[in-house]
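Okay, so here's the structure we're looking at.
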Amino acid sequence: MKEYRQLTSEEISALENRGCWAEDWSSVLVANGFRPNYLSRVLFYGENRLGAFEETLEVTKGFFKHSGIFNATLRNVTVGDNNLIENVGNYINNYTIGDSCFISNICTLETTEGATYGEGNTISVLNEVGDGNVVLFRELNSQFAAFMVQHFQDKALKDAVLRLIKEGIALNESDQAWIGNRVKIVNTKEITNTIIFDDCEINGASRLSDCTILSSEAASVYIGTGVICENSIISYGSSIINSVKMQDCFVGEACQISNGFTASASVFFANSYMSNGEACAAFCGPFTASHHKSSLLIGGMFSFYNAGSATNFSNHAYKMGPMHYGTLQRGCKTASGAYLLMPANIGTFSVCFGKLMYHPDTSCLPFSYLKAYSDIMYLSPGRNITTVGLYRDIRKWPKRDLRPQGTQKSIVNFDWLSPYSVGEIIKGKKILEKLQDASGNEVALYNYYNYVIKSNSLQKGIENYDMALRIYMGAVLKRVRKRDANLTPPSSSVGTGQWTDLSGLLLPVSEEERLIEDIKTGNLESIQDVLQRFEDINEHYRDYQWAWTYQLILDYYHLNTITPQDADRIREDYIQARRTWIAAIRKDAEKEFAMGDVEQNVLDDFLNKLDHEVDYEE
Numbered sequence: 001m002k003e004y005r006q007l008t009s010e011e012i013s014a015l016e017n018r019g020c021w022a023e024d025w026s027s028v029l030v031a032n033g034f035r036p037n038y039l040s041r042v043l044f045y046g047e048n049r050l051g052a053f054e055e056t057l058e059v060t061k062g063f064f065k066h067s068g069i070f071n072a073t074l075r076n077v078t079v080g081d082n083n084l085i086e087n088v089g090n091y092i093n094n095y096t097i098g099d100s101c102f103i104s105n106i107c108t109l110e111t112t113e114g115a116t117y118g119e120g121n122t123i124s125v126l127n128e129v130g131d132g133n134v135v136l137f138r139e140l141n142s143q144f145a146a147f148m149v150q151h152f153q154d155k156a157l158k159d160a161v162l163r164l165i166k167e168g169i170a171l172n173e174s175d176q177a178w179i180g181n182r183v184k185i186v187n188t189k190e191i192t193n194t195i196i197f198d199d200c201e202i203n204g205a206s207r208l209s210d211c212t213i214l215s216s217e218a219a220s221v222y223i224g225t226g227v228i229c230e231n232s233i234i235s236y237g238s239s240i241i242n243s244v245k246m247q248d249c250f251v252g253e254a255c256q257i258s259n260g261f262t263a264s265a266s267v268f269f270a271n272s273y274m275s276n277g278e279a280c281a282a283f284c285g286p287f288t289a290s291h292h293k294s295s296l297l298i299g300g301m302f303s304f305y306n307a308g309s310a311t312n313f314s315n316h317a318y319k320m321g322p323m324h325y326g327t328l329q330r331g332c333k334t335a336s337g338a339y340l341l342m343p344a345n346i347g348t349f350s351v352c353f354g355k356l357m358y359h360p361d362t363s364c365l366p367f368s369y370l371k372a373y374s375d376i377m378y379l380s381p382g383r384n385i386t387t388v389g390l391y392r393d394i395r396k397w398p399k400r401d402l403r404p405q406g407t408q409k410s411i412v413n414f415d416w417l418s419p420y421s422v423g424e425i426i427k428g429k430k431i432l433e434k435l436q437d438a439s440g441n442e443v444a445l446y447n448y449y450n451y452v453i454k455s456n457s458l459q460k461g462i463e464n465y466d467m468a469l470r471i472y473m474g475a476v477l478k479r480v481r482k483r484d485a486n487l488t489p490p491s492s493s494v495g496t497g498q499w500t501d502l503s504g505l506l507l508p509v510s511e512e513e514r515l516i517e518d519i520k521t522g523n524l525e526s527i528q529d530v531l532q533r534f535e536d537i538n539e540h541y542r543d544y545q546w547a548w549t550y551q552l553i554l555d556y557y558h559l560n561t562i563t564p565q566d567a568d569r570i571r572e573d574y575i576q577a578r579r580t581w582i583a584a585i586r587k588d589a590e591k592e593f594a595m596g597d598v599e600q601n602v603l604d605d606f607l608n609k610l611d612h613e614v615d616y617e618e
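Going by this note's numbering, the first residue of the sequence shown is number 1, and it counts up by one from there.
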């Protein structure tokens, strides 16, 4: 701990000669190395502690100014070493400031009684008028948030989770807000009850109130012009710029929120991009993107999602209020002008077009196109499997993970074919086959609830689903065979049942149920224990996947065990299916080019990448 001393009479005289004043000079303590010549027109109230001012700071590119305090009013403030604080219009009150910070042209920086710094704030996600189902705290990740959303109706679990969170928050409690090292705050009006970690830059913000800003040298946070942020937490590597207005929100790692976007009671995780539009009671999991001014994300759960312009969701077309919500499972898209009437549940990697009524539930028909023409809703199951869009998406997401190592709180599994999505494919294939068996092969249209499936779409859906199954089984078998030529059967049955997706974490339902039980019984004693359990589950993903896939292969090929000959057969099916898939994507790209939407060089570059897909067969 730094040692402080009282000012000498000579130092007090020097300070007074430079326009400084203190309510009580004995309450102004200084560190060794302090010199009064780097203070001017500073007013001191209460108890203040000052570090040394020995170095210069780069205030903008190539422009250095000496550290010191000029034109400021301080009350109960601790100032570290080599800070430059200047032109404080109102005051700095009840704050601790680290080292090498630049604070210039601000109005108010203050900690008041009852500050929460955004932690412990309970918001209602999805159900806009609900009792609250996500508690904000600095260690929150997408898995924990999704876990709370899905299970907070379990009172015993909710009480146990709330206790763990409360205990975790208590460890970080502080009567006074603080600013870390190398923080830059300029041209900003008001910062109240806000903790700011190292290397954060705040430039031109209007108001920050009851917030925690998690920042580091490797993953700094930038908050820009006109931003108003209240009762929120912002995580490592994120940027909030250009008049964003945010209240009761959590922003995860490497998110970008910009251009007048407004958000309330919403959460955003891992590389989400929000611009121009609006979010309310929205759960935006990893890689959720909304670029357009006219798009509204409300009452929905998303991940790996892209919202087209004028996308809208209705959660309030009822007399009971805005209580309805829906889920767009990972990888979904909405086309320009899309509308979904909640409640709705859209299967993985599906695309929605038009005004979709009748509360669509296509969770068991993944990779589908949902299209509305007037009052008729058409469904093309499995259509998205063979599109350029899917191919580009599944390859771009890993490349666009901007989170530096050490700041990746949310777990993101990028597998597009997994026990979760393939499990839905299996269900979808059975549904289509039953429809075909029930109505025969000669009918032009099939009905699935309120949706119409054309005959050729149904047949193509069965084929695409089967192709995806062969690709998945072959890919897993290839991976296992590289480390175990004997294809030893799984040593554990964990993973053989149903799977789920906790906003980026793919896991067996049995592991989620075990987690619930361990929290309730007290086997997990802290928030860190719960977060570590998520990590442990993810680390065993390949083991769990092999257990599930092994059983799938036995069932699909009617085997009792997998011999080398069986493995060779599965490999051949895999290569054939994969080549069929690539050929279909090539055809889709050429079709798009023929429509005049793509330049020749863009097409050639894309086809060249497809030509190299054979490199991944071995």
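Here a beta-carbon is modelled for each residue, glycine too, at the ideal position from N, C-alpha and C.
{"Asked": "Pull the bridge partners of Trp-546 from the DSSP assignment, please.", "Found": "DSSP, once it has assigned bridges, lists no residue as partnering Trp-546."}
{"Asked": "With C-beta atoms as the reference, is Cys-280 less than 8 Å away from Ser-303?", "Found": "no"}
{"Asked": "With DSSP collapsed to three states, give me the class of Arg-207.", "Found": "strand"}
{"Asked": "Checking 8 Å against the spacing of the C-beta atoms, do Gln-247 and Tyr-273 come in under that value?", "Found": "no"}
{"Asked": "Which word fits Lys-184, buried or exposed, when buried means at least 16 other C-beta atoms lie within 10 angstroms of its C-beta?", "Found": "buried"}
{"Asked": "Between Leu-554, Asp-361 and Leu-402, which has its C-alpha nearest Leu-469's C-alpha?", "Found": "Leu-554"}
{"Asked": "Please name the residue or residues paired with Cys-352 in a DSSP beta bridge.", "Found": "Thr-334 and Leu-370"}
{"Asked": "Which residues bound the beta strand (DSSP E) around Ile-411?", "Found": "First-last for Ile-411: undefined, no H or E at that position."}
{"Asked": "By the three-class DSSP mapping on this structure, what secondary structure does Leu-7 have?", "Found": "coil"}
{"Asked": "If you run the structure through DSSP and keep just helix, strand and coil, what is Asn-608?", "Found": "helix"}
{"Asked": "By Cβ distance below 6 Å, which residues in the same chain neighbour Ala-289 in space, the five residues on each side in sequence not counted?", "Found": "Tyr-273 and Asn-306"}
{"Asked": "Threshold first: 4 residues or longer. Then list the alpha helix (DSSP H) segments lying entirely within the stretch 438-509, N to C.", "Found": "455-483"}
{"Asked": "So, do the stretch 433-449 and the stretch 534-553 have three or more beta carbon pairs nearer to each other than 8 Å?", "Found": "no"}
{"Asked": "CB-CB under 7 Å to Gly-497, same chain, minus the five flanking residues each way: which ones, in chain order?", "Found": "Pro-508, Val-509 and Ser-510"}
{"Asked": "Using the Cβ count rule (16 or more neighbours within 10 Å means buried), how would you classify Pro-366?", "Found": "buried"}
{"Asked": "Assuming the contact rule is C-beta atoms closer than 8 Å, Ile-202 and Ile-234 should be a hit. Round their C-beta distance to whole Å, please.", "Found": "Not confirmed; about 11 Å, so no contact."}
{"Asked": "Is the beta carbon of Ala-270 sitting closer than 8 Å to the one on Phe-287?", "Found": "yes"}
{"Asked": "Please classify Asp-81 as buried or exposed, where buried requires at least 16 other C-beta atoms within 10 Å of its C-beta.", "Found": "buried"}
{"Asked": "For the pair the stretch 161-180 and the stretch 87-103, tell me if three or more CB-CB distances fall below 8 Å.", "Found": "yes"}
{"Asked": "Going by other Cβ atoms of all chains shown within 10 Å of its Cβ, with 16 needed for buried, is Trp-548 buried or exposed?", "Found": "buried"}
{"Asked": "Taking only the alpha-carbon atoms, compute the straight-line gap between Asn-37 and Ser-220 and give it to the nearest angstrom.", "Found": "32 Å"}
{"Asked": "May I have the straight-line CA-CA distance separating Ala-146 from Ser-410, to the nearest angstrom?", "Found": "11 Å"}
{"Asked": "What does the alpha-carbon distance come out to for the pair Glu-110 and Val-251?", "Found": "23 Å"}
{"Asked": "May I have the straight-line CA-CA distance separating Leu-417 from Lys-478, to the nearest angstrom?", "Found": "14 Å"}
{"Asked": "Compute the distance between the beta-carbons of Met-301 and Phe-283, then report whether it is under 8 Å.", "Found": "yes"}
{"Asked": "Is there contact between the stretch 572-591 and the stretch 516-532, where contact requires at least three CB pairs shorter than 8 Å?", "Found": "no"}
{"Asked": "Run through DSSP, which three-state label would Leu-432 get?", "Found": "helix"}
{"Asked": "For the beta strand (DSSP E) that contains Val-530, what are its first and last residues?", "Found": "Per DSSP, Val-530 belongs to no beta strand (DSSP E); it is in the alpha helix (DSSP H), 527-539."}
{"Asked": "Please name the residue in Val-351, Ala-254, Asn-133 and Leu-164 whose C-alpha comes closest to that of Gly-522.", "Found": "Leu-164"}
{"Asked": "List the endpoints of the continuous alpha helix (DSSP H) containing Tyr-391.", "Found": "388-399"}
{"Asked": "If we call anything under 8 Å between Cβ atoms a contact, is Glu-86 one with Phe-64?", "Found": "no"}
{"Asked": "Give me the Cα-Cα distance between Lys-155 and Phe-137, rounded to the nearest whole angstrom.", "Found": "20 Å"}
{"Asked": "With H, G and I counted as helix, E and B as strand and the rest as coil, what does DSSP make of Thr-108?", "Found": "strand"}
{"Asked": "For my contact list, Ser-206 and Thr-192 are in at a C-beta cut-off of 8 Å; report their separation, rounded to the angstrom.", "Found": "The pair is not a contact, with the Cβ atoms about 12 Å apart (cut-off 8 Å)."}
{"Asked": "Buried or exposed: which applies to Ile-376, given that a residue is buried once 16 or more other Cβ atoms fall within 10 Å of its Cβ?", "Found": "exposed"}
{"Asked": "Can you tell me whether Ala-438 is buried or exposed, with buried defined as 16 or more other CB within 10 angstroms of its CB?", "Found": "exposed"}
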